[in-house]
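If you use my numbering, the sequence shown corresponds to residues -1 to 157, in order.
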Amino acid sequence: MTISTPDLCDAHEQEVSVLEPLFANYGGREAFGGEIVTVKCFEDNSLVKEQLAQPGHGRVLVVDGGGSLRRALLGDMIAESAVRQGWSGVVIYGAVRDVDALAALELGVQALGVIPLKTEKRGLGDLNVPLRFAGVDIRPGQYLYTDNNGIIISAKPLI
């Protein structure tokens, strides 16, 4: 699947929402997309780890980490699990770590920034709830597409 967010925006301008340009690529797959699964958590990646250990079927995990850059919600071990389970990618409104290892994996990873500190696992967070960040409402079951030009959300598959 070839993804060009400018082309998708041109073809489906009335059907897409575009996230504010806050994110950077950290994964080995720069363009990715798929159906959205959501996690809302704050400095606790228990649900991120749990979800990425489940079969991904080409989906995208969208994580609202509250924009925190104090703890990494994704690192190399969880990302390796996501690759084994067939996830297309992860978008994190927060931080990641192990970026050299992430860049070597066949997984899309977009996040706000990097920090070497891991989270505490307290089992806190919400799965498949509506999110709002970067100026866009994001719901489970919608579709996300991203490349080096940005991140877009659609209610239906565009590719």
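All C-beta atoms, glycine included, are put in the ideal place defined by N, C-alpha and C.
Next on the checklist: If you reduce the DSSP assignment to three classes, tell me which class residue 15 lands in.
Outcome noted: One-based indexing of the sequence shown puts residue 15 at position 17. Assignment of residue 15 by DSSP, reduced to helix, strand and coil, places it in the strand class.
Checklist entry - What is the C-beta distance between residue 26 and residue 132, in whole angstroms, given that I count them as a contact (C-beta under 8 Å)? => result Here residue 26 corresponds to residue number 28 of the sequence shown, with the count starting at 1. Here residue 132 corresponds to residue number 134 of the sequence shown, with the count starting at 1. Residue 26 to residue 132, Cβ: 23 Å. No contact.
Next on the checklist: Suppose you measure from the CA of residue 2 to the CA of residue 72; what does that come to, to the nearest Å?
Outcome noted: For the purposes of this step, residue 2 is taken as residue 4 along the sequence shown, with counting starting at 1. For the purposes of this step, residue 72 is taken as residue 74 along the sequence shown, with counting starting at 1. Computed Cα separation, rounded: 25 Å.
Next on the checklist: Give me, in chain order, the residues of the same chain whose beta-carbon lies closer than 7 Å to that of residue 121; leave out the 5 immediate sequence neighbours on both sides.
Outcome noted: In the sequence shown, counting from the first residue as 1, residue 121 sits at position 123. Excluding residues within five positions, the ones whose Cβ falls inside 7 Å are 44.
Checklist entry - If you check the beta carbons only, do residue 158 and residue 123 fall under 8 Å apart? => result The structure shown does not extend to residue 158, since the chain spans only -1 to 157, so no value can be given for it.
Next on the checklist: Measuring alpha carbon to alpha carbon, tell me which residue in 54, 12, 10 and 18 is nearest residue 184.
Outcome noted: Nothing can be reported for residue 184, as the shown portion of the chain is limited to -1 through 157.
Checklist entry - Taking the beta strand (DSSP E) that residue 89 falls in, what are its first and last residues? => result Your numbering for residue 89 matches position 91 in the sequence shown. Taken as a continuous stretch (DSSP letters only), the beta strand (DSSP E) holding residue 89 covers 87 to 94.
Checklist entry - Rounded to the nearest angstrom, how far is the Cβ of residue 24 from that of residue 80, given a contact under 8 Å? => result Locating residue 24 in the sequence shown gives position 26, counting from the first residue. Locating residue 80 in the sequence shown gives position 82, counting from the first residue. Contact flag wrong, Cβ pair sits at about 13 Å.
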